[in-house]
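Novice: Submitted below is the structure of interest, expressed as structure tokens.
Numbering (this note's numbering), first residue to last: 15 to 109.
Structure follows, in structure tokens:
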């Protein structure tokens, strides 16, 4: 997930400016989880960015949820989980 994934892993709340492809979906998921806010790239101006950053910094739940989710992400072993899933697909004849 690129920068979104890195911010998640770091346990930091994020201000996301989605541009295209999978970015709007990732941004929506971060907003839904309460770890980020978004600014449309078409509305990216100093006043809107300042307002959203202020909300991120003044609302403790963003930092709390981001820290909690970051801990969860850091505790996962994505490579091992992926290898196990692929091995299971081979074992079941699905792949």
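The C-beta atom is built at its ideal place from N, Cα and C for all residues, glycine as well.
Since this is a predicted model, take the numbers as computed values, not measurements.
#1: Compare the beta carbon distance of residue 71 and residue 49 with 7 Å and say whether it is the shorter of the two.
#2: Inspect the CB distances between the segment 77-93 and the segment 21-28 and report whether three or more fall short of 8 Å.
#3: Would you list the residues sitting across from residue 30 in a DSSP beta bridge?
#4: According to DSSP, is residue 66 helix, strand or coil?
#5: Considering residue 36, what are the terminal residues of the alpha helix (DSSP H) in which it resides?
#6: Where does residue 109 fall in DSSP's three states?
Specialist: Looking at the atomic coordinates:
#1: no
#2: yes
#3: 52
#4: helix
#5: Taken as a continuous stretch (DSSP letters only), residue 36 belongs to no alpha helix (DSSP H), as it is neither H nor E.
#6: coil
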